[in-house]
Amino acid sequence: MTADAGAYKGSFRLADAVPPPLLVMLGIVSVQIGAGLAKNLFAQLSPTAVVFLRIAAGTLVLVAFVRPRVRGLSWRSIGVGVAFGAILALMNLSFYEALARLPIGIAVAIEFMGPLGVAVAASRRRLDLLWVGLAATGIVLLAPWGDAANADWVGIAFAAGAGVCWGAYILLSASVGQRFPGTSGLAFAMIIATLVIAPPGIVSGGTGLLDPAILLIGLGVGLLSSVIPYSLELEALRRMPKRVFGILMSLEPAVAALVGLVVLGEILHLREWAAIGCVVVASVGAARSG
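Take 1474 as the starting number for the sequence shown in the numbering used here and just add one per residue.
What follows is the structure, encoded as structure tokens:
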């Protein structure tokens, strides 16, 4: 075992002392703080360039601990891994484009339609129609009717696209987990995502990507948005039922709104808080059904 691998496993032993629900909540907060840091970078870099920094930083850290294994895999399995990586890149790009136009809480609430749709589609309970209707009510409340700017609608479209990609990500992750040993599938997908987003990210970022301060923030975004939450969620899933995990993850839109308020000063109106509440309740209901 290498020193790095030993340190990585040691971090999991340390996490054994933390209750699984707290690990999930720490992961959620980490993701949203990372999104807040990323949004602050939009004044200096385009969303595409920030996505490149996030994915590249996450890939470098992940590959340092997990070596992707493709030897002996079929071309079909490799193709699934490539598709997984491409969806990962597109999901992040769509979300950051939404983040550039919408408050973080609203963007996450709309994006959450993806995993909610997957959960409901996998169920045969009539009660799930209630959750679909409740989530739809939330989205209607979030829509900028009347005096809204066009950019708001563009942001909603990007957030909805990120949700579709998130749903595809969930479905593909199951297939990747069956075809790749251990966590090498995620590492392989991160490499593919980096290759996909690198050309537009580098072109749009230009010399700004050479700024040491920006690179340091980009590394922080990659750690907070990818490496830390993935590690915490993996550890939590080892010690808690998936249904409970799904219920806790349903709180993410509310946590995003709170992080937006505290970190970015994004003040939401009562209608928007009510909409986020509808999405959270719908997600909790769907997770309990699942």
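We treat Cβ as the ideally placed atom computed from N, Cα and C, and that holds for glycine.
Because the structure is a prediction, the values reported are computed rather than measured.
Where I1528 is concerned, the enclosing alpha helix (DSSP H) starts and stops at P1520 to F1538. Restricting attention to N1513, V1502, L1563 and W1548, the CA atom closest to the CA of Y1642 is found in L1563. Of the candidates R1527, R1598, R1544 and I1612, the residue whose Cα lies closest to the Cα of I1749 is I1612.
DSSP, read as helix, strand or coil, puts L1724 in coil. Per DSSP, L1741 is not a residue of any alpha helix (DSSP H), being assigned neither H nor E. In the three-state DSSP reduction, V1754 falls in the helix class (H, G or I). Taking 9 Å as the cut-off, the beta carbon of G1578 is found no closer than this to the beta carbon of A1671.
Assignment of P1672 by DSSP, reduced to helix, strand and coil, places it in the helix class. Spatial neighbours of V1627 in its own chain (CB-CB distance under 7 Å, excluding positions within 5 residues in sequence) are listed in chain order as R1574. If you keep only unbroken alpha helix (DSSP H) runs of at least 4 residues inside the stretch 1536-1583, you get 1548-1572. I1506 is classed as buried because its beta carbon has at least 16 other beta carbons within 10 Å across all chains shown.
Counting only the Cα atoms, I1501 lies some 7 Å from M1722. With respect to the C-alpha of G1695, the residue from M1663, L1743, F1585 and R1542 having the closest C-alpha is M1663.
Assigned with DSSP and collapsed to three states, A1592 falls in helix. L1692: member of the alpha helix (DSSP H) spanning P1685 to G1695, first to last residue.
Rounded to the nearest whole angstrom, the C-alpha separation of L1645 and L1731 is 30 Å.
Exposure of L1495 is indicated by the presence of fewer than 16 other C-beta atoms within 10 angstroms of its C-beta. Taking every protein chain shown into account, the CB of K1512 has 16 or more other CB atoms within 10 angstroms, so this residue is buried. Of the candidates L1659, S1503, W1604 and A1709, W1604 places its Cα closest to the Cα of V1593.
When the Cα atoms are used, V1757 and E1739 turn out to be separated by approximately 25 Å.
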